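**Student:** Pasting a structure below so you can have a look.
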Amino acid sequence: MSTIRPFKAIRPKKEYSEKVASKPYDVLSSDEARVEAMDNDYSFLHVVKSEIDLPKNVDHYDIKVYEKARDNFNSMVNKGILFQDEKPMLYIYSQTMNGRTQYGIMGCASVEEYEKNIIKKHELTRKDKEDDRCRHVEITNANTGVVFLTYRDNDGVNNSVSTWIKNNKPEYSFIAPDGIKHEVWPIYDEKVVAQIVGFFKEIPTLYIADGHHRSASAYRVGAKKRDENSKHRGDEEYNFFLATYFPASHLMIMDYNRLVKDLNGMNTDQFMTAVTRNFDVTQTNNPKPTSPATFGMYMDGKWYTLKAKKGSYPEKDPIKSLDVAILQNNLLHPVLGIGDPRTDNRIDFVGGIRGTKELEKRVNSGECKIAFSMYPTTVAQLMNVADAGLIMPPKSTWFEPKLRDGLIVHKLS
């Protein structure tokens with residue numbers, strides 16, 4: 004049984020929605036956020052990347068950053084840019100990119116279900132990043148960022164969403180500067196909300212697609228507030244966190260590509276000889292792999308296709324059969340010496356939204372020596388790994404389009 008809880012969202016007035024909506028905190032550097040929020044006092048980046056309103060020499064984990072986020076958030080409420088709904092609701096959120104639309108429902112997920120693994124994870128988290136989000140949630144007293152959840156399709160949920168969209172106009176509808184269309188429909192009919200809540204009770208498992216640090220921090224804050232509250236009941240807002248629930252059939256996972264700065268002391272011939280031990284190598288004009296266990300490799304101005312040889316990986320292992328694991332275990336580690344891609348500064352990762360031209364650019368500039376384009380991980384693979392209680396290799400998935408921050412906010416009290 005899964006929970007989706009209606010709540011009284013804090014959200015922008017219709018006329019401010021496009022200006023408020025911002026990219027998530029973790030897809031922009033501080034410098035990029037400064038540029039993006041330039042001349043836009045309404046941008047929610049002033050809340051989720053509040054260091055942009057402080058001197059550049061202020062540490063991003065300084066208490067001043069979180070206090071600035073709180074002050075900016077409260078100011079947007081006090082000025083009437085943001086308001087709070089009078090009754091608990093759910094909210095349909097759609098995104099359209101390149102002619103393809105995905106529909107999700109925004110509501111609150113349960114920290115108890117996170118603890119009990121009804122909400123399943125597939126990534127490890129870093130304590131420093133958890134600590135950062137915990138401080139942000141505690142000091143702003145809000146979930147300002149959204150956790151991206153998915154689930155196996157449920158006809159009742161799908162039909163409820165399509166019927167509401169057919170019979171109601173969106174309250175927010177705009178095309179962001181990156182060309183992605185965003186629309187939001189508040190579901191104000193209590194009967195429809197109750198039906199959707201009931202349909203989710205039929206869904207046994209939810210999966211974190213994106214937002215492991217946001218969900219982990221929400222759990223930690225909820226647990227802390229529970230322990231501090233001698234009159235804890237279980238229905239307090241801190242027991243829930245903001246999430247958008249997308250059916251698995253709507254999701255698109257893009258490739259998450261790799262760049263390596265050097266050839267680990269080898270020359271080109273030595274490197275190519277080492278690669279052919281586990282891969283069939285052919286030169287190509289197509290930089291993107293078209294099937295699993297196949298990779299694009301860019302070096303010295305040329306693209307190659309690498310196809311993993313039979314027997315070079317266990318095909319039935321849910322982790323070791325992932326393309327990211329095949330490349331790591333058969334090339335990045337044994338040949339290029341990248342033992343831990345989480346910590347090795349010789350490797351970098353580029354989301355597929357930037358395209359293979361970004362890989363060529365960074366190799367051609369001399370910043371990196373070699374690039375690898377990946378075949379995307381599937382939603383089914385993600386679910387299989389999570390169901391097995393396993394952890395995916397780092398940087399296995401890149402979801403697009405990204406959810407916008409600021410359109411819907413959940414207050415903890």
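Under our numbering, the sequence shown has 79 at position 76, and the numbering climbs by one with no breaks. Glycine residues also receive a C-beta, built at the ideal position from the N, C-alpha and C atoms. Nothing here was measured: the structure is a model prediction, and the numbers come from that model.
Does the count of Cβ pairs from the segment 289–299 and the segment 320–329 closer than 8 Å reach three?
**Tutor:** Segments in contact, yes.
**Student:** For K313, count the other beta carbons within 10 Å of its own beta carbon; 16 or more makes it buried, fewer makes it exposed. Which is it?
**Tutor:** It counts as exposed.
**Student:** Which class does C111 belong to by DSSP, given the choice of helix, strand or coil?
**Tutor:** Strand.
**Student:** Assign Y96 to one of two classes, buried (16 or more other C-beta atoms within 10 Å of its C-beta) or exposed (fewer than that).
**Tutor:** Buried, by the Cβ-count rule.
**Student:** Alpha carbons only, please: which of V382, K360, Y241, K319 is nearest the one belonging to A112?
**Tutor:** Ranking V382, K360, Y241, K319 by Cα distance to A112 puts Y241 first.
**Student:** Among S218, W167, Y191, Q198, which one has its Cα closest to the Cα of K132?
**Tutor:** Measuring from the Cα of K132, the nearest candidate turns out to be S218.
**Student:** Within the same chain, show all residues whose beta-carbon is closer than 6 Å to that of N418, passing over the 5 residues directly before and after it, in chain order.
**Tutor:** Any property of residue 418 remains undetermined from this structure, which presents the chain solely from 4 to 416.
**Student:** Output the distance between the C-alpha atoms of I168 and P250, rounded to the nearest integer angstrom.
**Tutor:** Distance between the alpha carbons of I168 and P250: 16 Å.
**Student:** Under 8 Å, with one C-beta from each stretch per pair, do the segment 139–158 and the segment 394–408 reach the 3-pair mark?
**Tutor:** Contact holds: three or more Cβ-Cβ distances are below 8 Å.
**Student:** Return the CA-CA distance between K227 and V278, expressed in angstroms with no decimal places.
**Tutor:** Whole-angstrom Cα-Cα distance: 50 Å.
**Student:** How would you label R261, buried or exposed, when you count the other beta carbons within 10 angstroms and need 16 or more for buried?
**Tutor:** R261 comes out buried.
**Student:** Going straight from the alpha carbon of N75 to that of D343, what length do you get?
**Tutor:** Approximately 38 Å, taken between the alpha carbons.
**Student:** Helix, strand or coil: how does DSSP classify S376 here?
**Tutor:** S376: strand per DSSP, three-state reduction.
**Student:** On the DSSP bridge assignment, give the partners of V284 in chain order.
**Tutor:** According to DSSP, V284 bridges with L309.
**Student:** What residues in its chain sit with their C-beta under 6 Å from that of A24, if we drop five residues either side in the sequence?
**Tutor:** R407, G409, L410.
**Student:** Compare the beta carbon distance of G107 and Y259 with 8 Å and say whether it is the shorter of the two.
**Tutor:** Taking 8 Å as the Cβ cut-off, G107 and Y259 do not qualify as a contacting pair.
**Student:** Please classify E193: is it buried, with 16 or more other beta-carbons within 10 angstroms of its beta-carbon, or exposed?
**Tutor:** The residue in question, E193, is exposed, as its Cβ has fewer than 16 Cβ neighbours within 10 Å.
**Student:** Which runs of the beta strand (DSSP E) spanning at least 3 residues fall entirely within the segment 131–212, listed in chain order?
**Tutor:** Listed in chain order, they are 150–154, 175–178, 184–190.
**Student:** What number of angstroms, rounded off, separates the C-alpha of R229 from the C-alpha of A145?
**Tutor:** Approximately 16 Å, taken between the alpha carbons.
**Student:** Roughly how far, in whole angstroms, is the beta-carbon of I211 from the beta-carbon of K124, given that I think they are within contact range, below 8 Å?
**Tutor:** About 5 Å separates the two Cβ atoms, so the contact holds.
**Student:** Leaving out five residues before and five after V388 in sequence, what residues of the same chain have Cβ atoms less than 6 Å from its Cβ?
**Tutor:** Only H125, P321, M395 meet the Cβ criterion.
**Student:** Where does the unbroken alpha helix (DSSP H) through I329 begin, and where does it stop?
**Tutor:** First-last of the alpha helix (DSSP H) with I329: 326–330.
**Student:** So for G354, helix, strand or coil by DSSP?
**Tutor:** Strand, per DSSP.
**Student:** I need the straight-line Cα distance from D134 to G214, nearest angstrom please.
**Tutor:** When rounded, the distance between both Cα atoms is 14 Å.
**Student:** Note down the Cα distance separating A72 from K82, rounded to an integer number of angstroms.
**Tutor:** So the two alpha carbons sit approximately 15 Å from each other.
**Student:** Roughly how many whole angstroms lie between the Cα atoms of R349 and M79?
**Tutor:** If I take the Cα positions, the gap works out to 42 Å.
**Student:** Beta strand (DSSP E) containing M100: first to last residue?
**Tutor:** Note, M100: beta strand (DSSP E), 93–100.
**Student:** Can you give the beta carbon distance from V187 to Y175, rounded, assuming they're within the 8 Å contact cut?
**Tutor:** Right, the Cβ-Cβ distance comes to about 4 Å (below 8 Å), so this counts as a contact.
**Student:** Pop quiz: E70 and I142 are said to be a contact at Cβ under 8 Å. What is the actual Cβ separation, rounded to whole angstroms?
**Tutor:** Going by Cβ atoms, the distance from E70 to I142 rounds to 6 Å, so yes, they are a contact pair.
**Student:** Can you tell me which of the three DSSP states F47 falls into?
**Tutor:** Here F47 sits in coil by DSSP.
**Student:** Would you say the beta carbon of R138 comes nearer than 7 Å to a heavy atom of the ligand ATP?
**Tutor:** Looking for the ligand ATP in the displayed structure turns up nothing, as the structure carries no ligands at all.
**Student:** Which residue from R155, K184, P58, S163 puts its Cα closest to that of I206?
**Tutor:** Of the candidates R155, K184, P58, S163, the one whose C-alpha sits nearest the C-alpha of I206 is R155.
**Student:** For the beta strand (DSSP E) containing T297, list its first residue and its last residue.
**Tutor:** It spans 297–302 - the beta strand (DSSP E) in which T297 sits, taken as one unbroken run.
**Student:** Just curious, the beta strand (DSSP E) that T271 is in, first and last residue?
**Tutor:** Segment 271–278 is the alpha helix (DSSP H) holding T271; no beta strand (DSSP E) there.
**Student:** Are the CB atoms of V50 and F243 within a distance shorter than 8 Å?
**Tutor:** Not in contact: F243 and V50 (Cβ atoms no closer than 8 Å).
**Student:** Using the C-alpha atoms, what's the distance from G358 back to M302?
**Tutor:** One C-alpha to the other measures close to 16 Å.
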